[in-house]
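Report on one structure; see the data block that follows.
Residue numbers (this note's numbering): 18 to 152.
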């Protein structure tokens, strides 16, 4: 969870649209660390995850001091890419949703395959097959 801070607001007292991308990124970084793949450990092993595509939908406004929950799940694993779905909720109310594609790269910026250990670690965050797409 995260509490909206004053400096994240736009002139209309809503969370600025660009801030949601940061919220989502922070949640993904925490999830990777939980799975044993902190950014520092990945860099030490010559690996990084880069974002190649983002689709964000804004469903409602968040305001100062709102407490938001960020849900993150992995929808799909391919050879060198993963697709993630994230949602920001205030209680049960959907505030923002995002689908994202990311790739695993080596220290030279070339795509590399996910190894079995990383796939196993991230699979605990895999979406159930029947999860509907947010509206």
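Even for Gly, the Cβ is constructed at its ideal location relative to N, Cα and C.
Three-state class that DSSP yields for residue i in the structure shown
i, result
"residue 61", "helix"
"residue 31", "strand"
"residue 69", "strand"
"residue 45", "helix"
"residue 51", "helix"
Separation of residue j from residue i, as counted between CA atoms
i, j, result
"residue 25", "residue 75", "16 Å"
"residue 44", "residue 88", "8 Å"
"residue 110", "residue 116", "18 Å"
"residue 59", "residue 99", "16 Å"
"residue 108", "residue 23", "20 Å"
"residue 40", "residue 47", "11 Å"
"residue 73", "residue 32", "14 Å"
"residue 121", "residue 101", "13 Å"
Where the beta strand (DSSP E) containing residue i begins and where it ends
i, result
"residue 116", "110-123"
"residue 93", "84-94"
"residue 104", "98-107"
Range covered by the alpha helix (DSSP H) that runs through residue i
i, result
"residue 136", "133-140"
(message) I want to know whether the segment 56-73 touches the segment 136-147 - three or more CB-CB distances under 8 Å.
(response) No: fewer than three Cβ pairs fall under 8 Å.
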